[in-house]
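Encoded as structure tokens, the structure appears first; notes follow it.
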Amino acid sequence: MLARAHTFTIEGLHARRVTVEVDIRRGLPGFAIVGLADAAVREARERINAAILNSGYEFPARRIVANLAPGDVRKAGPGLDLALACAVLGASGQLAPENLERVVLFGELALDGAVRASRGTLAVAHATQRAGVPRLVLAGARAREAALIDGLQVVAVERLNSAVRVLDGGPGDALPDERADANAAKQRTVGTLAPAFPAMDLGEVRGQHHAVRTLVIAAAGAHNLLLSGPPGIGKTMIAGRLPSILPPLSRTEAIDVTRIHSLTGAGVHALAARRPFRAPHHSITAAGLLGGARLGSVGEVVLAHHGVLFLDELSEFTRPTLEALRQPLEEGRVAIARAHHSAVYPARFMLVAATNPCPCGYAGDGDRCDCSEADMARHRRRLSGPLLDRIDLLVNLQRDTSRDLDADPLLSSSQAREQVASARERQARRLSPEGVLVNAHMDVRMLALHVRLDERCERMLSVARQAGLLSARGEHRVLRVARTIADLGDSDRVRPTDVGAALALRPDVVLAGSRVA
Amino acid sequence: MSAARQVMGSGRACASCLRRSWLLGELSGPLDYCARDRQRLMELLELADNELLPAVAGRRAAELRDRYQRFGAGEPTPTGQAETCRHRAGYPRGLSGAWAPPMLEVAGGAQRLAKLTTAPVVAIVGSRKPSDYAMEIARDLARGLATSGVTVSACLTDGISVAAHAGTLEAHGASIAVMGGGLGVCCPARRRSLYGRVIEAGCAVSELPQKCNGRRWGQLAAERIVVGLAQLTVLVEAEHTPGELAAARIAQARGRTLGAIPGRVSSPLAAGPHALLRSGAELIRGPHDVLELLHSMNGPLPDTDSDKPPLPDRVAVSGLPGELQETLARVGSGCDTPEKLMCAGADPAGVLLALSELELLGLLARGDGGRYLPRQPLAGLG
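Taken in order, these protein sequences are the chains called Y and A. Throughout, our numbering is defined as the position within the first sequence, counted from one, plus 603. Throughout, our numbering is defined as the position within the second sequence, counted from one, plus 1.
So this is what it looks like as structure tokens:
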């Protein structure tokens, strides 16, 4: 007898529809799964066998063949368990096969028959709704996550028995208690959705007004920022306060972010509200940064989508890792191709990096620096090139012994957030017809359209070009930053002070000094 | 010596001087061993061939003596570069005496070397690991001197010497680079591109044969040539250690005029110049002081090429708007970061605009850690 069930498998950021066909006939007892299944799916045989028996059903002692269609798509993960088990029950007559139509089953089975949550729930729910299937049956623990998608009937089940009851037309299990769910989700999301730093306020930064001002500029225009300075000066402290001044996510952005985080297997109980802030350690590999280490694993740049990627000690990252950042920084997405799969993930983030100005860290700090010219050249080579080329703003932080810690903070996070929000509003008003929201994403055509310069500004830029201080790409960066500074100053025109400030903040290829002629 | 004075083809050194150069190349290894004692090395280099050979050759003495006597018959003579020796017209006047090399290989031509050394020559010496401030000062100095028609001589290693050549090149001047190895092997190799630019208009010289690899002793010996070529030696920045002050000590020993540029009294990097200033070196603040000193030593400068622009001076500064002048003065007196300038109560937007405009005018440069350094603009730019 034949039974057919429907489910999805995760492929990149999206879910691919999979039809599970189970056929039971006379022959030597056995259970074969065909259709490009990975190890987790093949292991499902044992789980399904035990779960069916422990739920009080009969596991047919006949020849069972399960086919996962389409046959050319690689199926990964244990999320197919529930559909397979139900199809086996349908094919053996313990469940009416026609009840398996127009419903999607998604979940992993425990040996005792309990249904466990599987990663990628939100993507599956989204795909189910788009495929026009009205009902989604899945583990109770993740039902809330799926319920974030409108126009879909989500049924939670705790055990295989409940799933059979639901398919026979009975009610589903109650959604887990809201509070318990939230608590559980909070525990699971440590290190994923929660920022790496607890909520911190810009008002805690004493002194360093120049750096704080630049941080606000970076936040306002979503510009990439590099902080350079001696150890212990507060680079990490200032960068860690960036999430507190960024505007909240819009609804579409929030769905994007939530879907990505659902993919990592972390429970999501509500749409993400804060922008992600990812701070990977400098020992990370290119695969860790971009993703694709395993089938379907998501990298840090993708997790930082619509948020901030913070690279502390930039010069300590390996060269291939930094090179790998080129595509996401340029295109806002990352395409991963491996032997058996390829996928494209969104990755539009703000890059914030911190570094020492030289290997010892003390260049420019009196006579403390003890680096040789060769040390400096090596350090510069590590940073310069493709990555530095995509940084819009450079702040050099210096120790100021005269007024260290008793200096006043420049402004609090809430004040900064207001400035950033109003500047972003101006940008969005101007740029939204172009499909862009922030100045950092303006292309050359938009620059010509929206950044009009007066004669004095033009002259400054042409002098900078002639003096060899500015490349063509560098000039575009200066224009974008100048536009943002003007937006922060509530000005429609780009004024000479804006261009001057953008020039002063431009990243110099030479971080430390003019030691080399 | 009469045989040595025999005239050979133009652009060639005489045989005995070539032989000296060959001998130094052969003894390069043992001499490097001796270079651990700087004083001993200088004394060895003053020895005549017949004393030098037994003093350092060791077990190879007999073999080398044999080849020394047959030199010119079978030994390959250096090719590719011009040589000049003290028996030729136009050999630098400063290089006389037993301590000076009798012969120099010259990249750029012996005639050009002769022309460059008829102009006043100033040696710029200093630390190999200077501060960015001293690099900028050395560049300014070399640039100012080059525009006034003064020839700059310096080694070509690291630090101040590199800044001296770079400054000269910026002013389209000509400098003399004294190499610590043969001219065929640019040593250190990382200076190859700068070496190429120096010999376009200037010269590179070495007392060693073409293919001789650079060694430590060669750099020490090169310093005596740098100082020997020059009437005046200027020490830009150096720690108070024998190594960093070596060139200055040679100048003192040879009785050459010595100038020094002061730095911060608290900085160990400036301790060398300060010690020299205490003991009577001339105080140098910039190209003007050097020119004044040269004037008092040997009268007015000979007429320089008319196509060279005049020495840049502070006129460019006095014509600036008030706020730029004020910012420049503040940077010069230590408020050298945006943060410090803003602390002084200035308007942040104004500070950044002023810094950018001054940078565009060439009056400020970015130094270590993003600090701003005042610099002299190059006439005709900005």
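From the three backbone atoms N, C-alpha and C, an ideal C-beta is built for every residue, glycine too.
Nearest to Ala766(Y) by alpha-carbon distance, out of Ala688(Y), Arg1032(Y) and Glu916(Y), is Ala688(Y). Interface residue (Cβ-Cβ distance to chain Y less than 8 angstroms): Asp50(A) is not classified as such. The C-beta of His982(Y) comes no closer than 8 angstroms to any C-beta of chain A. Within the DSSP bridge table, the entry for Thr861(Y) names no partner.
Under the three-state reduction of DSSP output, Cys972(Y) falls in the coil class, being neither helix nor strand.
Under the three-state reduction of DSSP, His617(Y) is assigned to strand.
Note that the region 134-150 of chain A does not touch the region 242-258 of chain A; fewer than 3 beta-carbon pairs, one per stretch, sit closer than 8 angstroms. Taking a Cβ-Cβ cut-off of 7 angstroms, the neighbours of Cys972(Y) in chain A comprise Asp369, given in sequence order.
The beta carbon of Ser658(Y) sits closer than 7 angstroms to the beta carbons of Gly716, Arg762, Leu763 and Asn764 from its chain, once the five residues preceding and following it are set aside; these are given in chain order. Residue pairing for His609(Y): DSSP places it in a beta bridge opposite Thr622(Y) and Val707(Y). For Gln756(Y), the nearest beta carbon of chain A is not closer than 8 angstroms to its own beta carbon. Here the region 838-851 of chain Y makes no contact with the region 1041-1054 of chain Y; the two share fewer than three CB pairs at distances below 8 angstroms. Annotation: Val153(A) to Asp67(A) spans about 41 angstroms, alpha carbon to alpha carbon. Note on Leu714(Y): under 16 other CB atoms within 10 angstroms of its CB, so exposed under the neighbour-count rule.
Between Arg877(Y) and Ala907(Y), the CB-CB gap reaches or exceeds 8 angstroms. Taking the beta carbon of Thr169(A) as reference, no residue of chain Y falls within 8 angstroms; the closest one sits roughly 10 angstroms away. With respect to the 8 angstroms criterion, Gly174(A) and Ala139(A) are not classified as neighbours on the basis of their beta carbons. Thr119(A) and Leu105(A) have their C-alpha atoms roughly 16 angstroms apart. Boundaries of the beta strand (DSSP E) around Met104(A): Met104 to Ala108. Of all alpha-carbon atoms in Ala679(Y), Ser1065(Y) and Arg1098(Y), the one lying nearest the alpha-carbon of Ala350(A) is that of Arg1098(Y).
Between Pro263(A) and the set His166(A), Glu283(A) and Leu25(A), the nearest pair of CA atoms involves Glu283(A). Listed along chain Y, the residues sitting closer than 9 angstroms to Leu270(A) by beta-carbon distance are Asp970.
Going by beta carbons, Ala640(Y) and Leu671(Y) fall inside the 8 angstroms limit. Beta-bridge analysis with DSSP links Ala178(A) to Ala155(A) and Ala205(A). For Gly743(Y), not one C-beta of chain A is nearer than 8 angstroms to its own C-beta. Cys15(A) has its alpha-carbon roughly 8 angstroms from the corresponding atom of Arg89(A). Segment contact: the region 949-966 of chain Y against the region 913-922 of chain Y, three or more CB-CB distances shorter than 8 angstroms; contact assigned. His812(Y) places its beta carbon less than 8 angstroms from that of Met343(A).
In the DSSP assignment, Phe913(Y) is bridged to Val955(Y). Among the residues of chain A, those whose CB is under 9 angstroms from the CB of Asp1111(Y) are Arg367 and Gly371, following chain order. Leu374(A) is not a Cβ neighbour of Ala355(A), given a cutoff of 8 angstroms. Contact check for Leu892(Y) and Ala940(Y): beta-carbon distance about 16 angstroms, past the 8 angstroms limit, so the pair fails to qualify.
Ala178(A) and Ala896(Y) have their alpha carbons spaced roughly 54 angstroms apart. With respect to the C-alpha of Gly806(Y), the residue from Asp1011(Y), Arg862(Y), Arg1109(Y) and Arg1096(Y) having the closest C-alpha is Asp1011(Y). Proximity of the region 727-735 of chain Y to the region 617-625 of chain Y meets the contact definition, three or more beta-carbon pairs being nearer than 8 angstroms.
For the C-beta of Pro322(A), not a single chain Y residue is nearer than 8 angstroms; the gap to the nearest is close to 12 angstroms.
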